[in-house]
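J.: If you scroll down you'll find the structure; I have some questions about it.
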Amino acid sequence: MTQPRRAPLVTKVRAVSDVAAHMRQIELVGPELRRLRCRPGAHVVVHTPDRRVYSLWRHDPGAASMTVRIALHDAGGPGCTWARAVAVGDRVTVEPPRSKITLDGTARYHLFIGDETGAVPLLAMRAALGREAETYGIFETTTPGNEVPDFAAFTPFPWVHRGAAPAAGSRVLLRAVQDLQLPAHPGTAYIAGESDTCRLLQRHLVEQRGWPRRSVLLQPQWAPGRPGFGAGTRD
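In this text, residue positions in the sequence shown follow this note's numbering: the first is 41, and each later residue adds one.
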């Protein structure tokens with residue numbers, strides 16, 4: 041049975057900043073945000089005025105605020121147009137956060153892999169674990185200027201750069217994961233980003249490294265030519 045859509049929330053833009061060459065951070069505030077329950081790595085539907093899905097970077101109930109990070113692209117669609125134009129004081133309607141993947145509390149260790157869109161929810165999940173957790177990770181983007189900044193308390197994971205190589209079904213990220221030194225026993229992997237790349241990396245972990253499929257959690261963020269696909273959009 042179809043679940044009813046939860047009532048949207050009206051918020052206001054408190055701050056806008058660029059945290060990377062093609063990554064915009066938008067902080068929203070509103071009294072209803074105090075009552076939200078947000079799992080690390082959640083995403084929210086933003087009325088832009090079209091409905092677009094973006095990853096939640098931070099939720100601060102005490103400050104009644106939430107922060108999203110949005111990847112911007114030169115050939116952007118309605119979502120990018122909105123993100124480039126949004127300004128402090130604008131009213132923004134959002135739908136309550138939802139989660140596709142969540143942290144595994146029983147994991148021996150945690151492995152985070154993704155492109156620049158996937159890095160936003162995955163780094164938020166890593167931060168929720170705390171500095172004591174055993175974590176590994178690697179991310180991919182086009183150039184060093186597009187690397188997504190991590191929370192200040194954590195040592196950054198390494199990044200690889202695909203340059204002009206295709207982001208879809210990325211062999212650059214696959215080779216980097218193949219070279220990644222991990223413990224002999226499986227942990228739990230969280231993979232987010234372009235859809236074909238997510239499946240490619242899942243196959244590597246399951247078929248080449250022998251990980252149980254249930255230990256490899258996927259969150260496709262986008263797919264070429266399909267605005268609104270997955271847990272996040274790249275339009």
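Note that the Cβ used here is the ideal one computed from N, Cα and C, for glycine as well. Predicted model, so just to flag it, every value in this text is computed and none were measured.
Check whether the Cβ atoms of V188 and E156 sit closer than 7 Å, and answer yes or no.
T.: Yes, these two residues count as a Cβ contact at 7 Å.
J.: From what residue to what residue does the alpha helix (DSSP H) around D90 run?
T.: First-last for D90: undefined, no H or E at that position.
J.: Would you kindly report the start and end of the unbroken beta strand (DSSP E) that includes S105?
T.: Where S105 is concerned, the enclosing beta strand (DSSP E) stretches over 105 to 111.
J.: Beta-carbon separation of L112 and R64 under 7 Å?
T.: For L112 and R64, yes; Cβs fall inside 7 Å.
J.: Looking at C-alpha atoms only, which residue of R77, R249, R166 is the closest neighbour of F191?
T.: Closest option to F191, Cα to Cα, is R166.
J.: Taking only three categories from DSSP, how would you classify V212?
T.: Correct three-state label for V212: helix.
J.: In its own chain, which residues sit with a C-beta less than 7 Å from the C-beta of R202, not counting the 5 before and 5 after it?
T.: So the qualifying residues of the chain are E180, T182, S210, V212.
J.: Does the region 222 to 230 come into contact with the region 89 to 109, if we say contact requires no fewer than three beta-carbon pairs (one atom in each stretch) closer than 8 Å?
T.: They do not touch, by the three-pair rule.
J.: Tell me which residues share the same chain as L240 and place their Cβ nearer than 7 Å to its Cβ, disregarding the 5 neighbours each side in the sequence.
T.: Same-chain partners within the cutoff: G209, L214.
J.: Give the range of the alpha helix (DSSP H) segment to which L169 is assigned.
T.: Where L169 is concerned, the enclosing alpha helix (DSSP H) stretches over 156 to 169.
J.: Between H277 and L162, what straight-line distance do the alpha-carbon atoms span, to the nearest angstrom?
T.: In the structure as shown, the chain starts at 41 and stops at 275, and residue 277 therefore has no counterpart that could be examined.
J.: Out of curiosity, what's the CA-to-CA distance linking P184 and L143?
T.: Those two C-alpha atoms are separated by around 28 Å.
J.: Would DSSP call E247 helix, strand or coil?
T.: Here E247 sits in helix by DSSP.
J.: Run the CB neighbour count on D275, radius 10 Å, all protein chains shown included, and call it buried at 16 or more, exposed below.
T.: Annotation note: pLDDT 38 at D275 (below 50); position unreliable, no value reported.
J.: Return the chain-ordered list of same chain residues with a C-beta closer than 6 Å to the C-beta of S255, the five sequence neighbours on each side being excluded.
T.: P226, T228, listed in sequence order.
J.: In whole angstroms, give me the CA-to-CA distance for A104 and P136.
T.: Taking the straight line joining both Cα atoms gives about 13 Å.
J.: Starting from A60, trace the beta strand (DSSP E) both ways and give me its first and last residue.
T.: 49 to 60 is the extent of the beta strand (DSSP E) around A60.
J.: Look up H225 in the DSSP assignment and give the residues it is bridged to.
T.: DSSP output for H225 lists no bridge partner at all.
J.: Give me, in chain order, the residues of the same chain whose beta-carbon lies closer than 6 Å to that of E174; leave out the 5 immediate sequence neighbours on both sides.
T.: Closer than 6 Å at Cβ, skipping near neighbours: Y149.
J.: Taking only three categories from DSSP, how would you classify T273?
T.: Note on T273: pLDDT 42, under 50, position unreliable in the model; the coordinate value appears next. T273: coil per DSSP, three-state reduction.
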